[in-house]
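One structure is given below, encoded as structure tokens.
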Amino acid sequence: MEDDAPVIYGLEFQARALTAQTAETDTIRFLVGTQSLKFDNQIHIIDFDDENNIINKNVLLHHAGEIWHISSSPADKGVLTTCYNKSESVSLSLSLSLSLSLSLSLSLSLSLSLSLFHHRVLTCASVWRMPAEWESGSHESPDDSSNNPQTLELLCHLDNTAHGNVACVLWEPMGDGKRVISLADSHAVLWDLQESSSKAMMSSSATLEGKGQLKFTSGKWSPHHNCTQLATANDTAIRGWDLRSMSQIYCIENAHGQLVRDLDFNPNKQYYLASCGDDCKVKFWDVRHINEPVKTLEEHSHWVWSVRYNHSHDQLLLTASSDSRVILSNMVSISSEPFGHLVDDDDLSDGEEARHEEKSREPLQDSVVATYEEHEDSVYAAEWSSADPWLFASLSYDGRLVINRVPRALKYRILL
266 MEDDAPVIYG LEFQARALTA QTAETDTIRF LVGTQSLKFD NQIHIIDFDD ENNIINKNVL
326 LHHAGEIWHI SSSPADKGVL TTCYNKSESV SLSLSLSLSL SLSLSLSLSL SLSLSLFHHR
386 VLTCASVWRM PAEWESGSHE SPDDSSNNPQ TLELLCHLDN TAHGNVACVL WEPMGDGKRV
446 ISLADSHAVL WDLQESSSKA MMSSSATLEG KGQLKFTSGK WSPHHNCTQL ATANDTAIRG
506 WDLRSMSQIY CIENAHGQLV RDLDFNPNKQ YYLASCGDDC KVKFWDVRHI NEPVKTLEEH
566 SHWVWSVRYN HSHDQLLLTA SSDSRVILSN MVSISSEPFG HLVDDDDLSD GEEARHEEKS
626 REPLQDSVVA TYEEHEDSVY AAEWSSADPW LFASLSYDGR LVINRVPRAL KYRILL
């Protein structure tokens with residue numbers, strides 16, 4: 266089998282929620298949440314054996330509802346959050362009395378009572394723990410796991426239904442797993458998780474203000490500035506927030522021509538942010554100068570749902586779209602190493618030094634490295650592995666998970 270060949274795994278249900286198991290840095294592991302209206306939803310724990318190119322899976326039941334977003338703790342392998350739909354019935358009673366006088370001596374009274382049931386769907390968020398033996402994966406055969414699935418343990422609800430439907434939950438990057446932010450309609454709520462995540466206390470909150478019904482669509486907690494900043498998307502705008510005062514610090518109005526779908530911070534350049542949206546574009550911003558994007562990509566032909574910087578090599582960028590494609594770009598000109606990998610001159614011979622000097626005079630060119638077309642439906646998520654910087658997974662709505670690698674030639678060019 267080719268070294269760069271994709272590995273494909275099919276879920277039996279539709280799915281759009283994907284995350285790497287952030288705290289797991291030894292094993293390549295992804296978590297996938299399903300969307301089924303008829304059956305119990307599931308979380309699939311996907312382990313990838315890189316040496317043998319095979320996938321091992323375990324399945325956990327998620328009785329709470331169809332999963333719209335999933336995120337894992339940066340500190341505890343067994344803890345995760347989900348945003349899911351919950352249906353509740355609201356009953357309305359209506360009474361009607363009617364009195365008719367048919368003649369002087371005859372009257373008729375009619376009383377009518379109606380009960381109406383209205384189903385309301387809420388998107389809620391909760392914190393869960395996997396069964397202890399599965400936090401680090403297991404070697405059960407897939408059949409054992411599917412036939413006898415275990416259930417997630419509920420730790421606590423992020424109970425802010427008064428604030429509206431939850432779009433996503435963000436963990437504090439590189440934190441101790443004790444702080445999360447939920448974005449619900451027009452509210453950003455900061456929570457402190459206490460007593461081993463079994464209790465969530467609201468710490469502070471911020472509210473979107475403006476005309477109309479403003480709603481957050483996504484957000485990203487910045488790993489820079491001591492984790493005191495948050496970026497959010499609503500409609501076509503991108504906003505920055507200071508979490509110490511929960512106040513807005515910048516706003517990029519009309520960042521995209523249509524809805525902004527996703528955001529990600531450059532892990533190595535503290536002011537750089539990538540965004541994507543329904544205008545089919547991916548844009549790069551320096552939040553100190555918000556009038557114009559630093560760069561714009563127009564490689565997709567439909568809505569772009571996901572944008573992700575590589576955690577180690579920030580020139581590598583993944584985007585996923587409703588055009589059924591995943592694109593890997595090499596954005597080296599706006600990376601932390603625009604002249605390529607810097608080498609100590611003492612380690613080079615005279616001939617190598619001359620070639621290295623010539624090569625280092627100009628920045629390297631940005632390019633599309635590869636377009637991955639293994640999906641046949643909208644690709645809603647793409648995520649880099651937490652354990653292997655050269656490997657990533659993508660998920661399409663039909664339940665197809667595809668694991669791919671950065672092409673070997675580019676990997677060695679970056680490293681050497």
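266 is the number of the first residue of the sequence shown in the numbering used here; add one for each residue after it.
Think of the CB as a built atom: it goes at the ideal place given N, C-alpha and C, for glycine as much as any other residue.
- In the three-state reduction of the DSSP assignment, S598 falls in the helix class, which pools H, G and I.
- Membership of R673 in the alpha helix (DSSP H) is indicated by the continuous run R673 to L680.
- Contact annotation: I446 and L458 have beta-carbon atoms that are not nearer than 8 Å.
- The beta carbons of V324 and P414 sit about 5 Å from each other, so the pair counts as a contact at 8 Å.
- Straight across, the Cα-Cα distance linking S643 with E418 is about 31 Å.
- In the structure shown, N491 adopts helical secondary structure according to DSSP, grouped into three states.
- Between the beta-carbon of V569 and that of R504 there is about 19 Å, and that puts the pair past the 8 Å contact cut.
- Inter-residue distance for K476 and D450 is about 14 Å (C-alpha atoms, whole angstroms).
- Excluding five sequence positions before and after F278, the CB atoms of its chain that fall closer than 8 Å to its own CB belong to T299, Q300, S301, F304, N306, Q307 and G664, given in chain order.
- For C545, no beta strand (DSSP E) encloses it, and the DSSP letter there is neither H nor E.
- The alpha carbon of K546 has as its nearest neighbour, out of D315, S566, D529 and V386, the alpha carbon of S566.
- In the same chain as L508, and ignoring 5 residues on each side of it, the C-beta atoms closer than 7 Å to its own belong to L455, T493, Q494 and L495, in chain order.
- For V297, the closest of D653, V671 and E648 by C-alpha to C-alpha distance is E648.
- Taken in chain order, the unbroken stretches of beta strand (DSSP E) that lie wholly in the stretch 275-334 and span 3 residues or more are 279-285, 293-300, 306-314 and 319-327.
- C389 is positioned such that its CB atom lies no closer than 8 Å to that of V344.
- Contact check for I668 and A658: beta-carbon distance about 5 Å, within the 8 Å limit, so the pair qualifies.
- Just measuring C-alpha positions, the residue of G429, M466 and R673 sitting nearest A270 is R673.
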